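Position one of the sequence shown corresponds to residue 2 (my numbering), numbered consecutively onward. Here a beta-carbon is modelled for each residue, glycine too, at the ideal position from N, C-alpha and C. Quantities reported herein were computed from a predicted structural model and do not represent experimental measurements.
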Amino acid sequence: MPDIVFHVFILIIDAFLERRDRQMFELREQLKKQFKETQRAQQKEKRASDLNKRFISYSTSPYVVSTDRISLSRGPSTTQHRFAICTELGGGRRIPQPAT
């Protein structure tokens, strides 16, 4: 009879230890998952911050003259217009006029 009581006692303790180990495993897995998600969120925040800083430094740079965009369909006419202005100011190639 005392052997049976001892074995039951050992089984009960073993069951409690097993349950505790499973809970600890689940908590560790949740902690790993939460840590990875936090790292990803921090990386995304850093990336967004870097992009924002880059955009602000670009838009406030003294080297950026104009942020206006010209559509591609207006491209050739704009180039021709700039060439005409350069020619009027003395730049560009002039064709000599024949003497009369």
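How big is the Cα-Cα spacing for Lys54 and Ile14? Taking the first residue of the sequence shown as position 1, residue 54 is located at position 53. Taking the first residue of the sequence shown as position 1, residue 14 is located at position 13. Going from the Cα of Lys54 to the Cα of Ile14 covers about 59 Å.
Other residues of its chain near Ser50: CB distance less than 6 Å, five sequence neighbours each side excluded: For the purposes of this step, residue 50 is identified with residue 49 of the sequence shown, where counting begins at 1. Closer than 6 Å at Cβ, skipping near neighbours: no residue.
What would DSSP say about Met2, mapped onto helix, strand or coil? Along the sequence shown, one-based indexing puts residue 2 at 1. Coil.
Among residues of its own chain, excluding the 5 on either side of Phe36, which ones have a beta-carbon nearer than 6 Å to its beta-carbon? Numbered from its first residue, the sequence shown carries residue 36 at position 35. So no residue of the chain qualifies.
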